[in-house]
Structure formats: structure tokens, C-alpha cells
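From first to last, the protein sequence lines are chains A and B. Residues in the first sequence are numbered from 2 upward in steps of one, following my numbering. Residues in the second sequence are numbered from 2 upward in steps of one, following my numbering. Note that CB positions come from ideal geometry on N, CA and C, so glycine has one too. Remember, it's a predicted structure, so these values are computed and weren't measured experimentally.
Number of protein chains: 2
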Amino acid sequence: MNKKPLIFVTNDDGIDAPGIAALIEVAKKFGRVFVIAPSQPKSGVSHAITIREPVYTEKVDFYPGTEAHKCSGTPVDCVKFGITKLLKVKPDLVISGINHGSNASINVLYSGTIAAAMEGIIEGVPSIGFSFNKWEPTDELDLCKFIAEQVIRSVLNNPLPEGILLNVNIPDVSTEKFKGIKICRQAKAYWEEQYIEASSTNGHKSFMLAGEFLTNDDSDDTDLWALANNYASVVPIKLDITAHSVIPTLLNMEHINKEIS
Amino acid sequence: MNKKPLIFVTNDDGIDAPGIAALIEVAKKFGRVFVIAPSQPKSGVSHAITIREPVYTEKVDFYPGTEAHKCSGTPVDCVKFGITKLLKVKPDLVISGINHGSNASINVLYSGTIAAAMEGIIEGVPSIGFSFNKWEPTDELDLCKFIAEQVIRSVLNNPLPEGILLNVNIPDVSTEKFKGIKICRQAKAYWEEQYIEASSTNGHKSFMLAGEFLTNDDSDDTDLWALANNYASVVPIKLDITAHSVIPTLLNMEHINKEIS
Numbered sequence: 002m003n004k005k006p007l008i009f010v011t012n013d014d015g016i017d018a019p020g021i022a023a024l025i026e027v028a029k030k031f032g033r034v035f036v037i038a039p040s041q042p043k044s045g046v047s048h049a050i051t052i053r054e055p056v057y058t059e060k061v062d063f064y065p066g067t068e069a070h071k072c073s074g075t076p077v078d079c080v081k082f083g084i085t086k087l088l089k090v091k092p093d094l095v096i097s098g099i100n101h102g103s104n105a106s107i108n109v110l111y112s113g114t115i116a117a118a119m120e121g122i123i124e125g126v127p128s129i130g131f132s133f134n135k136w137e138p139t140d141e142l143d144l145c146k147f148i149a150e151q152v153i154r155s156v157l158n159n160p161l162p163e164g165i166l167l168n169v170n171i172p173d174v175s176t177e178k179f180k181g182i183k184i185c186r187q188a189k190a191y192w193e194e195q196y197i198e199a200s201s202t203n204g205h206k207s208f209m210l211a212g213e214f215l216t217n218d219d220s221d222d223t224d225l226w227a228l229a230n231n232y233a234s235v236v237p238i239k240l241d242i243t244a245h246s247v248i249p250t251l252l253n254m255e256h257i258n259k260e261i262s
Numbered sequence: 002m003n004k005k006p007l008i009f010v011t012n013d014d015g016i017d018a019p020g021i022a023a024l025i026e027v028a029k030k031f032g033r034v035f036v037i038a039p040s041q042p043k044s045g046v047s048h049a050i051t052i053r054e055p056v057y058t059e060k061v062d063f064y065p066g067t068e069a070h071k072c073s074g075t076p077v078d079c080v081k082f083g084i085t086k087l088l089k090v091k092p093d094l095v096i097s098g099i100n101h102g103s104n105a106s107i108n109v110l111y112s113g114t115i116a117a118a119m120e121g122i123i124e125g126v127p128s129i130g131f132s133f134n135k136w137e138p139t140d141e142l143d144l145c146k147f148i149a150e151q152v153i154r155s156v157l158n159n160p161l162p163e164g165i166l167l168n169v170n171i172p173d174v175s176t177e178k179f180k181g182i183k184i185c186r187q188a189k190a191y192w193e194e195q196y197i198e199a200s201s202t203n204g205h206k207s208f209m210l211a212g213e214f215l216t217n218d219d220s221d222d223t224d225l226w227a228l229a230n231n232y233a234s235v236v237p238i239k240l241d242i243t244a245h246s247v248i249p250t251l252l253n254m255e256h257i258n259k260e261i262s
């Protein structure tokens, strides 16, 4: 690239999470950085948008030298509002994270981090989501910063195909044990839910969601395999979720009776 | 099927929306019906789950002869809680809707209706989302009920491939003009956002999300084309959002320097 890129940074853990601070630090090595992230943690909000109430933002000053805003809305609101209303130009790259907790496998569907990166793609901007396979927030993020820098450089130098984002998950291992980057597919897995009784809410017996993450998909081309074997996983994701190969098998459904009796 | 199926009904417009009443009416033609839906409208919440506060449910009695619950959570919470905690067995089918408003094209990513059906698939249950291409809630849903009945019968008789759900969108046309069902792919499109200034919130200038829906994807195999041409669209959707075809083009990223300097 001839001129320095404009990099848009967001997350779902909130504007003051250690993960976004680390990502801002990496982004500043490449060019101008613009930050907008939720005021409060918004993990698990997926691709939610705020449509029944207004959103608002406020500048924050704890990232010196970097324009940064906190937003009342979701991660996807941050991308929409940040690009449309604050930046008013398309950035060169949207990066989201570094999430505190894995977004490998099926977690990609629940993740606000990845939804923000998907929204970046919808806005026509190359996008990457970064997540660290450790749920407790930490600022020991040296491996994460190293991988983020490598992946960002690669994407800036070798543009992604249109409509494709990257879901990058980073293992919780020492730099000595880290084995490298592996391009993967999303593993098949699921959460077996448990609901733990909580104190009553509005007079109703209420329950907190908990659960166990389970998979039988143990081949070596998945993101879960990569993480379990000390690799960072990079899964290319697309916005078109059509199961194209299934279309021919459904054509019989077109031959229903078209007459309403 | 030898015994009558157990059909799980949910939505994102809320337990008292006309669309879910219509879907319950159709479901009762096939077997036992179990209903759980959000207490309040939850459009646009996508695959959000409630993890920072407990969820609770309450029985409602306005669907005579049918066990029905309202839930404090999101559509995906309804599926998780309904199956795990209330039903305690897997239903034979999860149906979600009938949504007031289209979930064709990119709207599939923002939709709570479709997310609930995706969660049904994650739970291992065949699932279908139904949406009506008219935003204002209405109880004039004869065409919707007709199509829902045909699609449900087809899926009960011809099981869907594992991991596949159907996204069914129904045109807002007279039964005379309705042309039939078309199996489609998700059209490429996007929302061009506008933010309309609203009254201030907490002393901050605040903005309501609005926008215009735009597409250049006008080939005749898309869901948008089907709706515009008086067909109901049926798009098979998968949970694996990996862009498999892109994996080979990214392999150069595996050759980064593995040494942290």
C-alpha cells in the first residue's frame, strides 16, 4: 500500500478491556487507528443491532494519540455507527478483539467479536476477528499481539477475496510451545446447556445459562484441533450461508399444490 | 412418521405476535405443539444469548389447548431453555416465526427468527424459519399459513440433510397472484445506514438506526428475486460458515516467522 492504512478497531468485551488495548497497540504499527467499542461488555450478543432505542457515543481519552469512542450499542452498532456517522469514510481494515475467550467452532455464531468483523465485510471493508483461548481477561497478550501483527500484515499485503473475513483464534500457550498459524475449517461442536438456579427475578424462579462444550469432530483440519495442538487457527468465513449443495435435493418442494383450498 | 410429531414453536416478535399465533394454528394440524417465545419483541437480536443475567419463564394461557411459555430472554435462549429445561426431550421439529418482516438476503444475519431455527439445528432438531415480507404486524396471514403447512409437511415427510435449516420468506401478495415455492440462494445485498437524530439520552446526542436496503444481485436464483416475483423463497442454510474454497489461497499465511522477536 502506498499510503498508511486507516484501521478501525472494535470488540465485544468493551472499550476498556485489555484485549482491545493490545489490538490498538498492534494497529498503530501500521497506520492511523480509529477505535469505537461498547461502553459495557457485550459478549454473546452475536449480530444484534439496536433498533428499538437510539444509540449514542462518547469520546474517551485513555488511548493517548488515538481517536477512541465508547458506544451504548452492540459491536455491530459500533461498526455501523463508527463508519457511517463518525468516520464518514471507509477504513482500509476492520479488526475486532482481541476477545477474551475462544471464538472457534460454533462459538462463531454467538460471538459479538466475529459479528463486528462480519459487519465490516458487509460495509465492504476487509475484516479480521481475533480471540484468545482464555476466558479470564488478562493483559499477558504477547503471543496474541505477535500473531495479530503477522495476520494484519499478511492481509494488508495480500488482500482477502471479496466477502471473506478471517476468524483468528490464538492458543493459550507459552511462546516456546507455539507452533505457528494453521488455516482451518470451523469444527462441528455444540454446547450441552445446563441451567443453574439463580436468585428469583421479579418473583420468578430464574436460571443462569451454563454448559459444557462438546465435539466429536477430531480431524486435524479444524480450528479446535489447531488450538488443542498449540497452533493459532485462521478460518476464512463468508456471509453467504446458503447450503448450495443441498439446493438440488429440495427441488421437489417446488411441486406443491399452488392452489389454496 | 408413525406417531404424531412434537413441534416446538418460537419467534422473535414476542409471544403475543399475530405471526406466532398463525404458526401455532398450522402446527396443531400435525401433532403436539409446545410454545416458548420472548415476553417482549426481540427483532434484530440475531443469535444473542443471555449470559450476564438469569432467564425466567412464565406459562401463558392464551393459546387454549397448547402448552405455552413466555421467556425473559432472546429467541435463542427460548430454544435452549425450552428444550433443556422445560421439554427435557428433543422435539421432532423447531419452527420459528411467522416473522413480521422479510428475512431474505443479508437480513438472515440480524434475524432472531432465523437464529432460533439455527439453534434448533445445533440442538440436533430439524428446523425452519418463516417470515412474511410485510413489516407491519397483521393477522391477514392466510397465504403464510398455507405455505407453512406445505413446507412443514414436506420436511416431516422428507427429512432435511443433517445440519441444514430452511429460511422461508413469503411474499405479500394475494393468493391469486402467488406463483409457488422457489428454492433459492441468499441474495447479496446490504443496508445503507442512516442515523436519525433522536432526543438526547443521558445528556448525549443520540441516534436511531434507519436505512435503505440495496442490492445489485438481480439473478433469478435468489430469495429477493423470488419475493419480487410473487414466489415464496426457500433457502437451505448451514451452520458451517467456513469459506472452504478460499482455504488454499490462504496457505501462504502458514509460512510466517514463528519466532517472536
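- For residue 208 of chain A, the enclosing beta strand (DSSP E) begins and ends at 205-215.
- Residues of chain A whose Cβ lies closer than 9 Å to the Cβ of residue 213 of chain B do not exist; the shortest such Cβ separation is about 12 Å.
- For residue 170 of chain B, the three-state secondary structure derived from DSSP is strand.
- For residue 150 of chain A, no beta strand (DSSP E) run applies; the uninterrupted alpha helix (DSSP H) run containing it begins and ends at 143-158, by DSSP.
- Of all C-beta pairs linking the region 114-125 of chain B to the region 137-157 of chain B, fewer than three are shorter than 8 Å, placing the two stretches out of contact.
- In the structure shown, residue 196 of chain B falls within a strand segment according to DSSP collapsed to helix, strand and coil.
- Per DSSP, residue 49 of chain A lies in no alpha helix (DSSP H) and is assigned neither H nor E.
- Secondary structure remark: continuous alpha helix (DSSP H) runs of at least 4 residues inside the region 46-125 of chain B, in chain order: 76-82, 108-111 and 113-123.
- Residue 33 of chain B and residue 62 of chain B have their C-alpha atoms spaced approximately 16 Å apart.
- For residue 214 of chain A, the closest alpha carbon among the candidates A/197, A/180 and A/108 is that of A/108.
- Contact annotation: in the region 173-186 of chain B, residues whose CB is within less than 9 Å of a CB in chain A are 176, 179, 180, 181, 182, 183, 184, 185 and 186.
- When rounded, the separation of the alpha-carbon atoms in residue 75 of chain A and residue 105 of chain A is 21 Å.
- Taking the beta carbon of residue 52 of chain B as reference, the chain A residues within 7 Å of it are 44, 45 and 210, listed in sequence order.
- With a 10 Å radius around the Cβ and a threshold of 16 neighbouring Cβ atoms, residue 195 of chain B comes out exposed.
- Around residue 241 of chain B, the beta-carbon contacts reaching into chain A at under 8 Å are 186, 187 and 189.
- Residue 35 of chain B has B/9 and B/68 as its beta-bridge partners, per DSSP.
- If you look at residue 184 of chain B, you'll find it in the beta strand (DSSP E) that goes 181-184.
- Around the beta carbon of residue 90 of chain A, fewer than 16 other beta carbons lie within 10 angstroms, which makes this residue exposed.
- DSSP, read as helix, strand or coil, puts residue 28 of chain A in helix.
- Collapsing the DSSP output to three states places residue 246 of chain B in a helix.
- Looking at the DSSP output, residue 237 of chain B bridges to B/167.
- About 23 Å separates the Cβ atoms of residue 189 of chain B and residue 255 of chain A, ruling out a contact at the 8 Å cut-off.
- In the three-state reduction of the DSSP assignment, residue 257 of chain A falls in the coil class.
- Look at the beta carbons and you see the region 80-87 of chain A touching the region 36-56 of chain A: at least three pairs across the two are nearer than 8 Å.
- In this structure the region 17-33 of chain A touches the region 138-147 of chain A; the number of beta carbon pairs closer than 8 Å is three or more.
- In this structure, DSSP gives residue 21 of chain A a helical state, which the three-state scheme calls helix.
- Per DSSP, residue 130 of chain A is one residue of the beta strand (DSSP E) stretching across 128-133.
- Sixteen is the threshold: when 16 or more other Cβ atoms of the shown chains lie within 10 Å of the Cβ of residue 42 of chain A, as they do, the residue is buried.
- Three or more beta-carbon pairs drawn from the region 230-237 of chain A and the region 167-186 of chain A are found closer than 8 Å, and the two stretches are therefore classed as touching.
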